[in-house]
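**Student:** Below you'll find the structure I mean.
6 protein chains.
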Amino acid sequence: MATKHDKPKVGEAPAQQDTSPAVMALPLPPGTLSAENQAYFDKCLEKLGFVPNVLVSYAHDDAKLSAFATVYNDLMLAPSGLSKLEREMIAVAVSSVNRCYYCLTAHGAAVRQLSGDPVLGELMVMNYRAAELSVRHRAMLDFAVKLTETPHLIGEADREGLRKAGFGERDIWDVGAVAAFFNMSNRMASAVDMRPNAEYHGQAR
Amino acid sequence: MATKHDKPKVGEAPAQQDTSPAVMALPLPPGTLSAENQAYFDKCLEKLGFVPNVLVSYAHDDAKLSAFATVYNDLMLAPSGLSKLEREMIAVAVSSVNRCYYCLTAHGAAVRQLSGDPVLGELMVMNYRAAELSVRHRAMLDFAVKLTETPHLIGEADREGLRKAGFGERDIWDVGAVAAFFNMSNRMASAVDMRPNAEYHGQAR
Amino acid sequence: MATKHDKPKVGEAPAQQDTSPAVMALPLPPGTLSAENQAYFDKCLEKLGFVPNVLVSYAHDDAKLSAFATVYNDLMLAPSGLSKLEREMIAVAVSSVNRCYYCLTAHGAAVRQLSGDPVLGELMVMNYRAAELSVRHRAMLDFAVKLTETPHLIGEADREGLRKAGFGERDIWDVGAVAAFFNMSNRMASAVDMRPNAEYHGQAR
Amino acid sequence: MATKHDKPKVGEAPAQQDTSPAVMALPLPPGTLSAENQAYFDKCLEKLGFVPNVLVSYAHDDAKLSAFATVYNDLMLAPSGLSKLEREMIAVAVSSVNRCYYCLTAHGAAVRQLSGDPVLGELMVMNYRAAELSVRHRAMLDFAVKLTETPHLIGEADREGLRKAGFGERDIWDVGAVAAFFNMSNRMASAVDMRPNAEYHGQAR
Amino acid sequence: MATKHDKPKVGEAPAQQDTSPAVMALPLPPGTLSAENQAYFDKCLEKLGFVPNVLVSYAHDDAKLSAFATVYNDLMLAPSGLSKLEREMIAVAVSSVNRCYYCLTAHGAAVRQLSGDPVLGELMVMNYRAAELSVRHRAMLDFAVKLTETPHLIGEADREGLRKAGFGERDIWDVGAVAAFFNMSNRMASAVDMRPNAEYHGQAR
Amino acid sequence: MATKHDKPKVGEAPAQQDTSPAVMALPLPPGTLSAENQAYFDKCLEKLGFVPNVLVSYAHDDAKLSAFATVYNDLMLAPSGLSKLEREMIAVAVSSVNRCYYCLTAHGAAVRQLSGDPVLGELMVMNYRAAELSVRHRAMLDFAVKLTETPHLIGEADREGLRKAGFGERDIWDVGAVAAFFNMSNRMASAVDMRPNAEYHGQAR
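Protein chains in written order, with the UniProt record's numbering: chain A, 1 to 205; chain B, 1 to 205; chain C, 1 to 205; chain D, 1 to 205; chain E, 1 to 205; chain F, 1 to 205.
Structure follows, in structure tokens:
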């Protein structure tokens, strides 16, 4: 069953091979996919070779899957003053604060792929402050991480810091929006213990 | 201009009356609304007497407004094992951790209205632990607040706690999803300093 | 009985009406009031329409009630370089850090009344940093909140910050004294679960 | 001048001997003492050989000195189910959390004197959890420290813990009241940088 | 020069190829190695293909290098009730709390190699709580992480937890010693910004 | 038996006098000392009148004792741009953050002895920020404490701060190394509940 939770324990003999992947901790039966979402899943299979487990998790309710995918795709793929790599760097730096295993795995792979720099992906996962970043990227990640750790302390001085690093008003919205989104996504993944697809681990090393 | 940031300072004489409401700190010009979103705004005006400033903020980009509204309406209004009041209680308890002025104001009002209990709204804003809650509500809010404060510590024992308090698997998803969403929404509001509509303050007191 | 703890649970049918108000979690019998304290209670009834529950709580021991009232009245009502509103603003900002339901309710009402600005009261409860404050008020509240959160980090630079914002030496004492007092009062309220009088909630909305 | 702030720097030659003791960072001139407070100071000199600097600090305003002394003496010296040593143990454990140099010095000496056990004084300053305490004392200090660190998390279970360790309702008030008071006093000392009298350091070693 | 700090900035053209590896932020000239340490370095080159940069960093002072290597080798390689993999798991879980880029990289690779399980290495880096661990390993890592985050809260109950999970007295020493050591090593790496050898990143993926 | 854990409980009658000192919580039998370590213990007895319990604790394994003593003696006694007093000041300030009873006791005594200033020892234990320190010492302790509390936030600006206060590159290594070492030693002491020798308490008061 697609939603079975089946992580191998270290040092234990595996139970007989279960053909279904572990996806999350809640045994919610898969819903019926709309044609649009079925096409989306088919495209994932074609392009990635698998459907990301976050989408499989949401698939217990087709409307929720559609809503999630719409927000996600607008945020990460639509035109923006931030490059796709920059958006993925924010995703990983935020997920590192929240120690989200799913998002660190999936988006860490994305940073490695988009940058062609496996070490940059590791640095975002481990401690972005140890990376030697451009002024723009350091300002962007400092804002995203402060918004994650102490949102009540964000003020005009922080937005002004982004402006000084070259970000426009719309870019500030986008930095905030990506950081905010992963604060949701990290927590959804933790709430139901989403498990990343095994394929991510070896990508672009 | 609709997006001007114009909060009165305490003890200062107000500048000449500006007819436009303060909405957020970023001076993004309003985008062109789709027919669907225009209808949504019209419905807000008709039912509430105003368009919530979170929607006005997102309106600089019609696609982002649509995506946000879709997720929000699915989460807070679609059928669920959680009542609408319960979802609003989660919204406020999470926003209290994050000290989000916008969300505490707007959703604090919602708790007062849906419960008919102004004191319950105040308790969710100030410290939900001071409220004398049913076992179900205490478990629900404890999970939501732990997911907010320390998502990396959520584990099977926490989900089991919800099950013991009577929540089903789908309900656990919904508790997590509402708490996760407001961790996004609180941060978006802080990132751009969204200002709540003045109407909320006096509602259902 | 005056000290019965009788908060209604959400969604539960209330027990038969108990005529005594809920005051705190400890069933301490009321002590005999001195003539001075009886006069004080009478004055409260006359001016406010009720005796604040913090005073009823202390009334189990007349000497403790006198000591508390003396400190409180000196601090909040005696001549000072800080206005009464400013002292109440400190009270609420400190109580917000400590999430004290009693003090946020009672002193939130005081800010609303003294300022004639219901929104200012809400801002002090929710996040004073979201208020557009004068330099003086922001410096005052930043000092009070730092003293609350990390008293061991307060140093000469912090006092110098108050001086630059126009506070004199005696005013610095008073900012510190009010902030320090509510760190006591918040904890006394939490230790015994003091319940605010219902009258506060609707005042000056 | 009595309020001059004159701490010697490590490794610097001392300036010529200043005959006035360092008391606090605010240069507030001493007020005129009432007869009652003059008698109190005289008694301190007679019994201790010095007037504690906290009292000298408050002496810039006779009414504030009286109010402080009344609360302090009621709390620490009046009859209670807690012994004087127990109240001093709470004082030091709370001051350790807040890292208050003044109170750790003055009340650390008090624990050494009242217990006749210099090591117990050190343990309260450094980490009360390293002391091998009776169940009663451990419960008392755990409550006091939780009330100090996270007052918003104190609930009925914490009070019940004190009851199980043998504390009565009035004793619970007193544990809370002493812990709460030192959360005020620590912050007042930090706000104005009160300096402990040199005499404390060598007492009862 | 061997100690030059030469991290490439993201998106910047690299300066002309520098033949010396980046090791740490302090430009300390390498000291003269003793015959014993030279042999140690030779053995590293032979077995690993490189000398770990932590050793190169310490090599500015031969005595410090010897002392460090002695402690390290005793701790991680000497006979113990803990397997080498278990010691590396502790190393990574502790380094994750302290977000130490050097140690996460080097010891993350060690976990992947010793376990033959690349995913286990990632889990230790990201959030060990997301791994499905045996009771023994969960207890071991919970102790190590608590000792890292709040050493002042470790008490007999924590040691008893290890005993219940099957650890002997000497094993408890070793769990504590490995966790304690990486709290030193993480901070030494952060103090001087040690850079991990590039070889680690791709090992055992 | 040398490793019996035998702390007197406050207010309990002591059991019949046990002639062996309490050393730590783990009942590990003492190992056979090498000639070198026996000579080291003899020298301690001769110079101090006792063998520090940290050494007795490590003596269950002669190799671990040697490794620890080598690192410790290099760090605290070898030539350095930091005086021995400065190294002890770092030791105590770090141990204060970690609330390590053993190290605060033993190294607090060392600060008192080396400085001839009992108050300086107390200040390092209680809150080094309350001491009036030279710019050099304040910079040194600020670095050590930041490295202790948030090692992941240490960056070039922090090293630059030490340079501005007059520290050379090698001195920066030494500040970092001493602070890092006590983060290990504090945690080893907490892991096994090491008890300081009684002699320290009264030294150099």
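Don't be surprised by glycine CBs; every beta carbon is placed ideally from N, CA and C.
Keep in mind the model is a prediction, meaning the values are calculated, not measured.
What separation, rounded to the nearest whole angstrom, lies between the Cα atoms of Arg158 (chain A) and Val192 (chain B)?
**Tutor:** A quick correction: the sequence has Asp, not Arg, at residue 158 (chain A). Looking at the two C-alpha atoms, the distance is approximately 10 Å.
**Student:** Excluding the 5 residues preceding and the 5 following Leu114 (chain F) in the sequence, name in chain order all residues of the same chain whose CB lies nearer than 7 Å to its CB.
**Tutor:** Excluding positions up to five away in sequence, the list reads Lys84, Leu85, Glu88.
**Student:** Whole angstroms is fine: what's the gap from Ser80 (chain E)'s alpha carbon to Ser95 (chain F)'s?
**Tutor:** For Ser80 (chain E) and Ser95 (chain F), the distance between alpha carbons rounds to 28 Å.
**Student:** Determine, for Lys64 (chain E), whether the minimum Cβ-Cβ distance to residues of chain F falls below 8 Å.
**Tutor:** Yes, Lys64 (chain E) counts as interfacial toward chain F.
**Student:** Would you mind working out which of C:Gly161, C:Val175, C:Lys64 sits nearest Thr32 (chain C), comparing C-alpha positions?
**Tutor:** The shortest Cα separation from Thr32 (chain C) among C:Gly161, C:Val175, C:Lys64 belongs to C:Lys64.
**Student:** Out of A:Ile172, A:Pro27, A:Asn186, A:Ala69, which has the shortest C-alpha to C-alpha gap to Ala93 (chain A)?
**Tutor:** Of the listed residues, the one whose Cα sits closest to Ala93 (chain A) is A:Asn186.
**Student:** Would you give the residue range spanned by the alpha helix (DSSP H) that Met188 (chain D) belongs to?
**Tutor:** Start and end: 169 to 192.
**Student:** With three or more beta-carbon pairs closer than 8 Å as the criterion, would you say the segment 154 to 168 of chain E touches the segment 41 to 57 of chain E?
**Tutor:** No: fewer than three Cβ pairs fall under 8 Å.
**Student:** If we count the other Cβ atoms within 10 Å of its Cβ and call it buried at 16 or more, is Val175 (chain F) buried or exposed?
**Tutor:** It is buried - the Cβ of Val175 (chain F) has at least 16 other Cβ atoms within 10 Å.
**Student:** In angstroms with no decimal places, state the Cα-to-Cα distance between Asp42 (chain F) and Ala189 (chain D).
**Tutor:** Each residue's Cα considered, the two are about 46 Å apart.
**Student:** May I ask you to list, following chain order, the residues of the segment 178 to 189 of chain A that have a beta carbon less than 7 Å from some beta carbon of chain B?
**Tutor:** Hits within the stretch, in order: Ala179, Ala180, Phe181, Asn183, Met184, Asn186, Arg187, Met188.
**Student:** Less than 6 Å between C-beta atoms, sequence neighbours within five positions excluded: which residues of the same chain meet that for Met76 (chain E)?
**Tutor:** Around Met76 (chain E): Arg87.
**Student:** Asn183 (chain D) and Met184 (chain C): beta carbons closer than 8 Å?
**Tutor:** It is a contact, given that the beta carbons lie within the stated cut-off.
**Student:** I'd like to check one pair, Tyr101 (chain B) with Asn127 (chain C): are the Cβ atoms closer than 8 Å?
**Tutor:** Contact flag set, yes.
**Student:** Run through the segment 78 to 121 of chain A for me and flag every whole alpha helix (DSSP H) of 4 or more residues, listed as ranges in chain order.
**Tutor:** You should have 84 to 97, 101 to 115.
**Student:** On the three-state DSSP scale, how would you describe Gln203 (chain F)?
**Tutor:** Gln203 (chain F): coil per DSSP, three-state reduction.
**Student:** Would you tell me roughly how many angstroms separate the C-alpha atoms of Thr148 (chain D) and Ala59 (chain A), rounded to the nearest one?
**Tutor:** Answer to the nearest angstrom: the Cα atoms are 46 Å apart.
**Student:** Under DSSP, the alpha helix (DSSP H) around Leu162 (chain A) begins and ends at which residues?
**Tutor:** Its alpha helix (DSSP H) spans residues 156 to 164.
**Student:** Just the Cα atoms here: how many angstroms apart are Ile90 (chain B) and Leu82 (chain B)?
**Tutor:** If I take the Cα positions, the gap works out to 10 Å.
**Student:** Measuring alpha carbon to alpha carbon, tell me which of F:Glu156, F:Leu120, F:Lys164, F:Lys47 ends up nearest Pro196 (chain D).
**Tutor:** Considering only alpha carbons, the answer is F:Leu120.
**Student:** Identify whether Asn127 (chain F) lies in helix, strand or coil by the three-state DSSP scheme.
**Tutor:** Coil at Asn127 (chain F), not helix or strand.
**Student:** Do Arg170 (chain C) and Leu153 (chain A) have their C-beta atoms within less than 8 Å of each other?
**Tutor:** Against a cut-off of 8 Å, the Cβ pair of Leu153 (chain A) and Arg170 (chain C) comes out as no contact.
**Student:** Under DSSP, the alpha helix (DSSP H) around Met24 (chain E) begins and ends at which residues?
**Tutor:** Here Met24 (chain E) belongs to no alpha helix (DSSP H), and DSSP marks it neither H nor E.
**Student:** Using the Cβ count rule (16 or more neighbours within 10 Å means buried), how would you classify Gly108 (chain C)?
**Tutor:** Per the 10 Å Cβ criterion, buried.
**Student:** Could you tell me if Pro118 (chain C) is buried or exposed, where buried requires 16 or more neighbouring beta carbons within 10 angstroms of its beta carbon?
**Tutor:** Pro118 (chain C) should be labelled buried.
**Student:** For Asp74 (chain C), name the three-state secondary structure that DSSP assigns.
**Tutor:** Note: Asp74 (chain C) maps to helix in three-state DSSP.
**Student:** In or out: Val97 (chain A) buried (at least 16 other Cβ within 10 Å) or exposed?
**Tutor:** The residue is buried, with at least 16 neighbouring Cβ atoms inside 10 Å.
**Student:** So if I threshold CB-CB distances at 8 Å, which residues from the segment 156 to 171 of chain F count as touching chain E?
**Tutor:** Per Cβ criterion, the list reads Glu156, Arg159, Glu169, Arg170.
**Student:** Tell me which residues share the same chain as Leu123 (chain D) and place their Cβ nearer than 8 Å to its Cβ, disregarding the 5 neighbours each side in the sequence.
**Tutor:** Once the five neighbours on either side are set aside, the close Cβ partners of Leu123 (chain D) are Ala130, Ala131.
**Student:** Leaving out five residues on either side along the sequence, give the residues of the same chain with a beta carbon under 8 Å from the beta carbon of Asp74 (chain B).
**Tutor:** Once the five neighbours on either side are set aside, Asp74 (chain B) has no close Cβ partner at all.
**Student:** Is the beta carbon of Ala165 (chain A) sitting closer than 8 Å to the one on Arg205 (chain A)?
**Tutor:** No, Cβ-Cβ distance for Ala165 (chain A) and Arg205 (chain A) is not below 8 Å.
**Student:** Within 10 angstroms of the Cβ of Pro29 (chain B), are there 16 or more other Cβ atoms? Answer buried if so, exposed if not.
**Tutor:** Classification of Pro29 (chain B): exposed, given that the 10 Å Cβ count is below 16.
**Student:** Which residues bound the alpha helix (DSSP H) around Asp42 (chain B)?
**Tutor:** First-last of the alpha helix (DSSP H) with Asp42 (chain B): 35 to 48.
**Student:** Pull up the CB-CB distance for Thr70 (chain D) and Ala67 (chain C), whole angstroms please, since I reckon it's below 8 Å.
**Tutor:** About 5 Å; that satisfies the 8 Å criterion.
**Student:** Does any C-beta atom of chain C lie closer than 8 Å to the C-beta of Met124 (chain B)?
**Tutor:** Answer no: the Cβ-Cβ gap between Met124 (chain B) and chain C never drops below 8 Å.
**Student:** Grab me the residues of Arg112 (chain A)'s own chain with a C-beta within less than 6 Å of its C-beta, minus the 5 sequence neighbours each way, in chain order.
**Tutor:** Around Arg112 (chain A): Pro118, Gly121, Ala204.
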